[in-house]
Amino acid sequence: MSEAEASHRAIARWTSRVIPAILAGVAGYGTYVVVDRICIKFLYQERNQPAAIIVILILYFLFLLLSLWSYIKTIWTINTDTGLVPLTRTPPSRASSKKQSRRKKEGDIESQPYAASAAPDSDPNSPGLERFYTKEVFICESDGRPKWCPDCCNWKPDRAHHSSELGRCVLKMDHYCPWVGGMVSETSFKFFCQFTFWCALYCAVALATSAYSLAEIIHEGRPMDGHIIAAVAISAFFGLFTFSMTLTSWRYIFLNVTNIDMLKKAWVYQLAIQVPRGTPSTDKYTTITYPLPEFSSPQSPAAGVNGHATGPTSPVPAQENVSSARDQMATKTFAVVRTEHEENPWDLGWRRNWEEVMGTNIMDWLFPIRKSPCARHDVVESEYAMGTLVNTIKERYGLDKLPREGSGGIEMRDVPRESRRSHRSQRS
Numbered sequence: 006m007s008e009a010e011a012s013h014r015a016i017a018r019w020t021s022r023v024i025p026a027i028l029a030g031v032a033g034y035g036t037y038v039v040v041d042r043i044c045i046k047f048l049y050q051e052r053n054q055p056a057a058i059i060v061i062l063i064l065y066f067l068f069l070l071l072s073l074w075s076y077i078k079t080i081w082t083i084n085t086d087t088g089l090v091p092l093t094r095t096p097p098s099r100a101s102s103k104k105q106s107r108r109k110k111e112g113d114i115e116s117q118p119y120a121a122s123a124a125p126d127s128d129p130n131s132p133g134l135e136r137f138y139t140k141e142v143f144i145c146e147s148d149g150r151p152k153w154c155p156d157c158c159n160w161k162p163d164r165a166h167h168s169s170e171l172g173r174c175v176l177k178m179d180h181y182c183p184w185v186g187g188m189v190s191e192t193s194f195k196f197f198c199q200f201t202f203w204c205a206l207y208c209a210v211a212l213a214t215s216a217y218s219l220a221e222i223i224h225e226g227r228p229m230d231g232h233i234i235a236a237v238a239i240s241a242f243f244g245l246f247t248f249s250m251t252l253t254s255w256r257y258i259f260l261n262v263t264n265i266d267m268l269k270k271a272w273v274y275q276l277a278i279q280v281p282r283g284t285p286s287t288d289k290y291t292t293i294t295y296p297l298p299e300f301s302s303p304q305s306p307a308a309g310v311n312g313h314a315t316g317p318t319s320p321v322p323a324q325e326n327v328s329s330a331r332d333q334m335a336t337k338t339f340a341v342v343r344t345e346h347e348e349n350p351w352d353l354g355w356r357r358n359w360e361e362v363m364g365t366n367i368m369d370w371l372f373p374i375r376k377s378p379c380a381r382h383d384v385v386e387s388e389y390a391m392g393t394l395v396n397t398i399k400e401r402y403g404l405d406k407l408p409r410e411g412s413g414g415i416e417m418r419d420v421p422r423e424s425r426r427s428h429r430s431q432r433s
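Right, dumping it as structure tokens:
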């Protein structure tokens, strides 16, 4: 890690610790103004309006408690379950980290193809590869292999990105937010949205109460109360901020995108889609077969840049590579295809997009109880649920017309049956 990176992370870490304390002080001051200066001294002692006081205090403390609950849940999740991609090997040395830092200054490292100094692991049995080819669809590079993080020395799952603040790859990373103490990702984005929503309502109550009191004071020609003026300014600032954040977050949820997605210069994805075993490359797409062959490493980084994928393995002498029928059944072939500009493979429709993040019932929508369903990663076909675009791409590239295999998995009885038939024929 370079000195600049270490300094940047230290600043981010201390900022994330200081700002929550400042917010706690602001909430405490707002409570003092609303309860003491407005409700007790102005509305009760001077105007004798107990009904208004009851309504204000119920709404104020209801939204305050819900804001605190979701805020604490957000901070707790960010610090205990950030959503980091597990490391499968030792990170690079300080020297290589400095080289990667120079590459980052030249542009977005995640938008660049493999570079010679950032070449992915060429081992066919590279740790973590099985996470991808056991799925039916995954995001890949031009050579058919998953995206590689040179900083973590890791294969990056779909929608994972490297965080310079944390020095690690984060699953479905959204943004680094010092207001909530760290990185907002798939594990905490739902709670973050709930916090901004409840906080916007809390600020609205504080703003309405203080603005009404200030207007009445001005109307009666009485001396101005500096605390009430401060409450109007503070609640208006944080109210507009949290309201805009709520609208932005909801928009991202309904579109099933993240801040990182919206900041990309080119919104185009390359997908590896499973096709029948042994499907050859064509002029429309290239293919790659997993597990990668032991006798030849994956293609060089230069080949990946030029868009050529590792095709089906070529035959080798029987004495060098004898595969059992079970091993043959275990292989998977993928076609490497590309989406059109701004096509989103994870768009499931606005309702399912909402449910993937916020849950399926109103209790989940309103209260920070359970994490987002998408954080469970219980989808069999891909890392995250994908929409109808995958079928559209299959039709676009003619993958839907390929002959279908009987089963995408391995049937444990297939090989013994073949063995028994062979044994019977030998005996006869």
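Yeah, the sequence shown ends on 433 if you go by my numbering, and it's all consecutive. Positions of the beta carbon are idealized from the N, C-alpha and C atoms, including for glycine. None of the values given here were measured: they were computed from a predicted structure.
Selection from the options that minimises the alpha carbon distance to residue i
| i | options | result |
| --- | --- | --- |
| ARG381 | ASP86, ILE61, PHE248 | ASP86 |
| GLY231 | VAL385, ILE43, THR393 | ILE43 |
| ALA236 | LEU212, SER249, TYR257 | LEU212 |
| ILE222 | PHE66, GLU51, TYR65 | GLU51 |
| PHE248 | ARG343, TRP74, GLU388, VAL210 | VAL210 |
| ASP383 | ALA124, LYS140, TRP272, ILE144 | LYS140 |
| THR397 | LEU71, TYR181, GLU345, VAL23 | GLU345 |
| LEU260 | PRO350, ASN53, HIS166 | PRO350 |
| THR79 | VAL385, ALA165, THR393, PRO373 | PRO373 |
| VAL189 | GLU170, ALA205, CYS204, TYR207 | GLU170 |
| VAL60 | VAL40, GLU135, ARG94 | VAL40 |
| PHE66 | ILE77, THR82, GLY33 | GLY33 |
| TYR181 | ILE258, THR20, ARG357 | THR20 |
| MET178 | ASP126, CYS379, CYS208, SER131 | CYS379 |
| PRO285 | VAL341, ASN264, GLN54 | VAL341 |
| ARG343 | TYR402, LEU353, THR365 | TYR402 |
| TRP81 | THR192, GLU360, ASP352 | THR192 |
Buried/exposed call for residue i, threshold 16 Cβ in 10 Å
| i | result |
| --- | --- |
| ALA390 | buried |
| LYS406 | exposed |
| ILE45 | exposed |
| LEU48 | buried |
| SER168 | buried |
| LEU268 | exposed |
| SER215 | buried |
| MET363 | buried |
| ALA271 | exposed |
| TRP184 | buried |
| ASP266 | buried |
| LEU252 | exposed |
| GLN304 | Reliability of the predicted coordinates at GLN304 is poor, the pLDDT of 46 falling under 50, and no value is obtained from them. |
| PRO228 | exposed |
| VAL38 | buried |
| ASP128 | exposed |
| ILE63 | exposed |
| MET250 | buried |
| ASP288 | exposed |
| LEU245 | exposed |
| GLU360 | buried |
Sheet register partners of residue i (DSSP bridge)
| i | result |
| --- | --- |
| TRP153 | TRP160 |
| VAL142 | ILE278 |
| ILE293 | PHE339 |
| HIS232 | HIS232 is not bridged to any residue. |
| LEU252 | DSSP, once it has assigned bridges, lists no residue as partnering LEU252. |
| TYR181 | MET188 |
| VAL385 | In DSSP, VAL385 forms no bridge with anything. |
| ARG173 | SER168 |
| LEU89 | VAL175 |
C-alpha gap between residue i and residue j, whole angstroms
| i | j | result |
| --- | --- | --- |
| VAL224 | ALA56 | Looking at the sequence itself, residue 224 is His, so the reference to Val does not match. Looking at the two C-alpha atoms, the distance is approximately 22 Å. |
| TRP160 | LEU69 | 42 Å |
| CYS174 | SER254 | 22 Å |
| ARG256 | PHE196 | 16 Å |
| SER387 | LEU73 | 35 Å |
| PHE202 | ALA29 | 17 Å |
| LYS376 | PHE200 | 14 Å |
| TYR274 | ILE58 | 56 Å |
| LEU89 | ARG14 | 16 Å |
| THR93 | SER218 | 60 Å |
| ALA220 | SER12 | 48 Å |
| ASN358 | THR365 | 11 Å |
| GLY35 | ILE234 | 11 Å |
| GLY186 | ALA165 | 20 Å |
| GLU348 | LEU394 | 8 Å |
| TYR290 | SER131 | 25 Å |
| CYS434 | CYS145 | For residue 434 there is no data in the structure shown, the boundaries of the chain being 6 and 433. |
| ASN53 | GLY354 | 52 Å |
| VAL262 | ASP148 | 25 Å |
| GLY172 | PRO151 | 20 Å |
Decide if the segment 274 to 290 is in contact with the segment 228 to 244; the criterion is three or more beta carbon pairs, one per stretch, under 8 Å apart. no
> Are the segment 282 to 301 and the segment 334 to 352 touching, with three or more C-beta to C-beta distances below 8 Å?
Replying inline: Using a C-beta cut-off of 8 Å, the segment 282 to 301 makes contact with the segment 334 to 352, since at least three inter-stretch Cβ pairs fall below that distance.
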